[in-house]
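Trainee: Okay, handing you the structure first.
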Amino acid sequence: MPRGKSADARSLLKHLTLLNGAAGFEQPVAAAVRRLLAGKGQVSHDRLGSVLVENKGTAADPRVMLAAHMDEVGFLVRGILDNGLIRFTTLGGWWAHTLPAQRVTVIGRKGEVPGIIAAVPPHHLGPAEREKLMAVKNMAIDIGAASAKEVQELGIDVGDPILPAGDWVEMANPDIVCSKAFDDRAGLAMMIEVMRRLGRHPNTVVATATVQEEVGIRGARTAVTLARPDVAVILEAPPADDFPGCAELVQGALRKGPQIRACDPTMIPKSGLVQFFKERAAALRIPFQVAVRETGGTDAAAIHQHAQGVPSVVVGVPVRYAHSHRGLLSLTDFEQTVALVTDVVSRLDRRTLDRLVL
3 MPRGKSADAR
13 SLLKHLTLLN
23 GAAGFEQPVA
33 AAVRRLLAGK
43 GQVSHDRLGS
53 VLVENKGTAA
63 DPRVMLAAHM
73 DEVGFLVRGI
83 LDNGLIRFTT
93 LGGWWAHTLP
103 AQRVTVIGRK
113 GEVPGIIAAV
123 PPHHLGPAER
133 EKLMAVKNMA
143 IDIGAASAKE
153 VQELGIDVGD
163 PILPAGDWVE
173 MANPDIVCSK
183 AFDDRAGLAM
193 MIEVMRRLGR
203 HPNTVVATAT
213 VQEEVGIRGA
223 RTAVTLARPD
233 VAVILEAPPA
243 DDFPGCAELV
253 QGALRKGPQI
263 RACDPTMIPK
273 SGLVQFFKER
283 AAALRIPFQV
293 AVRETGGTDA
303 AAIHQHAQGV
313 PSVVVGVPVR
323 YAHSHRGLLS
333 LTDFEQTVAL
343 VTDVVSRLDR
353 RTLDRLVL
C-alpha cells in the first residue's frame, strides 16, 4: 500500500476503534461520523440514532446505500454486590473463555472507571473445576472497590455500559494492526474513505452508520426507511478463519484481499451483484475471497427485505480474533476493499444496476 494511504488508514482506524460505543450507547461514534463526513452530503438521523449522509451524483437514481454499524460488542452492569464486585451481562456475542483477567472500562455518570474481569487463579481450582465451561453470569468485574457504596460513589449504577479497554498496537509486520472494535469500525472507516474518494458518480450515495447491529440488527431496520435504497453495499469486518483449529475451508484470510459474501443464514445476495464485484476486483488486480457462511448475519438481513426488496451484498475486511478484546487486521486488505467499493459505486448507474439484478 502507498505510504500516504497507509498512514491515513492507520490514523482513521485508530481513532474509530478506540472510541467507546456499545450497542445502545453509540453517541461518541455518531459524533465522529458526523465530523469525519462533514461537507460530504446532507446529514440526517433516525430516531434510534443511526446517522445518514446523502451525496447526490449526476442522477437522482439509483440510490446506493453504504452501510456499516457503529456499535461494538460490550457489556452492561447487571448488579452491584455488597463486596464491591460488579455483575454484568453481554451486549453482543462473546465467548466466555476469552474474558477472565481482561481489562474493561465502565462508563458511569461521573466518567470512565477502569476494571478487570475477575479471574480465579489456578491455585484455587481443583482438576474438575478447571474443565468446566465458563458462564458470564458467574463472572464479575473488579474495579478495586470494597463495597457497593464505593461503586455507587464512583457514579456507577445498574444499566451502565462496559467496554473492552482499548489499546492500539502496531505489529512487527507493518501491514498488521491490533485493536478492539474492528467489527465494525473497520467498516465505518471504509465507508468514510469511499465517501471521501468518490468523484463524479451516476447515482445518489447514502452513507449509513447504523446502531445496535450486535444485539439483533435493529438500527438497520429503521435507517433503511430513510435511505430508501435501490441497492445496498454492507461494509463489514467478518471473522477471519485462517488460524489453527478454526476452519477446514479458509475463506477469510488476512492479506488475501476483500471478502465478498456469497451467502449467510440471513441473506442470499443477487448473484449478478456478487459477480460484478468479482469482475471489478479482477479488472483492478485486487485479490478477493468468496465466503459462504453457515453462521452469523449482518445489517443486510434487514436491509435486503425492506419495502419491495433491496439487492444487497456484504463486502468486508477479515479480522482475526473478532468479538474479543483484540483483533488483527491487514491495512492492505483495508485499502483494497476501499478501492474496490469506490470503483463499483462509481459504476452503478441505472442501466448497470438493472442488468445486474433484474
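For the sequence shown, counting from 1, position 79 maps to 81 in our numbering; every step adds exactly one.
Heads up, the beta-carbon is just placed ideally off N, CA and C, and yes, glycines get one too.
Per the DSSP calculation, Ile178 is bridged to which residue(s)?
Mentor: Your numbering for residue 178 matches position 176 in the sequence shown. DSSP lists Ser332 as partners of Ile178.
Trainee: Taking the beta strand (DSSP E) that Ala293 falls in, what are its first and last residues?
Mentor: Indexing the sequence shown from 1 puts residue 293 at position 291. Run containing Ala293: Gln291 to Val294, per the beta strand (DSSP E) assignment.
Trainee: Please name the residue or residues paired with Gly318 in a DSSP beta bridge.
Mentor: As a working mapping, residue 318 is identified with position 316 in the sequence shown. Glu238 and Gln261.
Trainee: Let me know if Lys387 comes out buried or exposed under the rule of 16 or more other beta-carbons within 10 Å of its beta-carbon.
Mentor: No information on residue 387 is available, as it lies outside the stretch 3 to 360 that the chain covers here.
Trainee: Quick check: the segment 205-225 against the segment 345-360, are at least 3 beta-carbon pairs closer than 8 Å?
Mentor: yes
Trainee: Mark Glu195 as exposed unless 16 or more other C-beta atoms lie within 10 angstroms of its C-beta, in which case mark it buried.
Mentor: In the sequence shown, the residue the question calls residue 195 occupies position 193. Flag for Glu195 reads buried.
Trainee: To which residues of the same chain is Ala62 closer than 7 Å at the C-beta, ignoring the five residues directly before and after it?
Mentor: As a working note, residue 62 is residue 60 in the sequence shown. So the list reads Thr206, once near-sequence residues are dropped.
Trainee: Thinking just about the alpha-carbon of each residue, which of Glu216, Ala209 and Leu156 is nearest to the one in Phe184?
Mentor: Taking the sequence shown and counting its residues from 1, one reaches residue 184 at position 182. Cα-wise, what sits closest to Phe184 is Glu216.
Trainee: If the criterion is Cβ atoms closer than 8 Å, does the pair Asp1 and Leu87 meet it?
Mentor: Nothing about residue 1 can be read from this structure; the chain reaches only from 3 to 360.
Trainee: Are Ile288 and Pro260 touching if we call contact CB-CB under 8 Å?
Mentor: Here the question's residue 288 lines up with position 286 in the sequence shown. Here the question's residue 260 lines up with position 258 in the sequence shown. Result yes, Cβ atoms of Ile288 and Pro260 sit closer than 8 Å.
Trainee: Counting C-beta neighbours from all protein chains within 10 Å, is the total for Lys151 16 or more, i.e. buried, or is it exposed?
Mentor: Taking the first residue of the sequence shown as position 1, residue 151 is located at position 149. Exposed, because fewer than 16 other Cβ atoms sit within 10 Å of the Cβ of Lys151.
Trainee: For Gly318, which of Ala255, Lys182, Met136 and Gly161 has the nearest alpha-carbon?
Mentor: For the purposes of this step, residue 318 is taken as residue 316 along the sequence shown, with counting starting at 1. Ranking the options by Cα distance to Gly318, first place goes to Ala255.
Trainee: Should Asp169 be labelled buried (16 or more other beta-carbon atoms within 10 Å of its own) or exposed?
Mentor: Position 167 of the sequence shown, counted from the first residue, corresponds to residue 169. So Asp169 ends up on the exposed side.
Trainee: Assuming Gly117 contacts Leu93 (C-beta within less than 8 Å), just tell me the rounded distance between them.
Mentor: Taking the first residue of the sequence shown as 1, we reach residue 117 at position 115. Taking the first residue of the sequence shown as 1, we reach residue 93 at position 91. Not quite, the Cβ-Cβ distance comes to about 16 Å (not below 8 Å), so this is no contact.
Trainee: Give me, in chain order, the residues of the same chain whose beta-carbon lies closer than 6 Å to that of Val252; leave out the 5 immediate sequence neighbours on both sides.
Mentor: Stepping through the sequence shown from its first residue, residue 252 is reached at position 250. The residues are Asp243 and Asp244.
Trainee: Name the one or two DSSP bridge partners that Thr212 has.
Mentor: Sequence index remark: in the sequence shown, residue 212 carries index 210 (1-based). Thr212 is bridged to His71.
Trainee: The beta strand (DSSP E) with Val115 in it runs from where to where?
Mentor: Here residue 115 refers to the residue found at position 113 of the sequence shown. Looking at the DSSP string, the run of the beta strand (DSSP E) that includes Val115 is Gly113 to Ile119.
Trainee: Is it true that the segment 49-66 meets the segment 173-192, where meeting means three or more beta-carbon pairs spaced less than 8 Å apart?
Mentor: no
Trainee: Give me whichever residues DSSP pairs with Ser46 in a beta bridge.
Mentor: Taking the sequence shown and counting its residues from 1, one reaches residue 46 at position 44. In the DSSP output, where bridge partners are listed per residue, Ser46 has Leu54.
Trainee: Classify Lys112 as buried or exposed, calling it buried when 16 or more other Cβ atoms lie within 10 Å of its own Cβ.
Mentor: Indexing the sequence shown from 1 puts residue 112 at position 110. So Lys112 counts as exposed.
Trainee: Go through its chain and collect everything with a Cβ distance to Pro176's Cβ below 6 Å, but skip five positions before and after it.
Mentor: The count along the sequence shown starts at 1 and reaches residue 176 at position 174. There are no such residues.
Trainee: If you follow the beta strand (DSSP E) that Pro123 is part of, which residue opens it and which one closes it?
Mentor: On the sequence shown, position 121 is the one that residue 123 refers to. Looking at the DSSP string, Pro123 is not in any beta strand (DSSP E), and its letter there is neither H nor E.
Trainee: Three-state secondary structure (DSSP) at Arg287?
Mentor: Mapped onto the sequence shown, residue 287 falls at position 285. Reduced to three states, the DSSP call for Arg287 is coil.
Trainee: Going along the chain, which residues of its own chain have a beta-carbon closer than 6 Å to the beta-carbon of Ala33, five neighbours each way excluded?
Mentor: Against the sequence shown, residue 33 aligns to sequence position 31. Within the same chain, Ala33 has no close Cβ partners at all.
Trainee: With distances taken between CB atoms, is the gap from Asp162 to Val106 smaller than 8 Å?
Mentor: Translated into the one-based positions of the sequence shown, residue 162 becomes position 160. Translated into the one-based positions of the sequence shown, residue 106 becomes position 104. No. Outside cutoff.
Trainee: Contact defined as beta carbons within less than 8 Å: I believe Glu28 pairs with Gly43. What is the distance between those atoms, to the nearest angstrom?
Mentor: The residue labelled residue 28 in the question sits at position 26 within the sequence shown. The residue labelled residue 43 in the question sits at position 41 within the sequence shown. Rounded, the Cβ-Cβ distance is 20 Å, inconsistent with contact.
Trainee: Considering only residues of the same chain and omitting the five flanking positions on each side of Arg223, which have a CB-CB separation below 7 Å?
Mentor: Taking the first residue of the sequence shown as 1, we reach residue 223 at position 221. So the qualifying residues of the chain are Ala304.
Trainee: Please check the pair Thr210 and Ala69, which I expect to be a contact at CB under 8 Å, by giving their CB distance rounded to whole angstroms.
Mentor: If you number the sequence shown from 1, residue 210 lands on position 208. If you number the sequence shown from 1, residue 69 lands on position 67. Contact holds; Cβ gap of about 5 Å.
Trainee: Skipping 5 residues on each side, what residues in its chain have a beta carbon closer than 6 Å to that of Ala283?
Mentor: Translated into the one-based positions of the sequence shown, residue 283 becomes position 281. Here the set comprises Phe290 and Leu342.
Trainee: Would Ile178 and Leu330 be called neighbours here (beta carbons separated by less than 8 Å)?
Mentor: On the sequence shown, residue 178 is found 176 positions in, with the first residue counted as 1. On the sequence shown, residue 330 is found 328 positions in, with the first residue counted as 1. Result yes, Cβ atoms of Ile178 and Leu330 sit closer than 8 Å.
Trainee: For Val321, which residues of its own chain have a beta-carbon under 8 Å away from its beta-carbon, when the five flanking residues on both sides are left out?
Mentor: Position 319 of the sequence shown, counting from 1, holds the residue named residue 321. Excluding positions up to five away in sequence, the list reads Phe184, Asp185, Ala188, Ala239, Pro240, Pro241, Ala242, Gly329, Leu330 and Leu331.
Trainee: Looking at the structure shown, is Pro129 part of a helix, part of a strand, or coil, going by DSSP?
Mentor: Against the sequence shown, residue 129 aligns to sequence position 127. The answer is helix: DSSP assigns Pro129 an H, G or I state.
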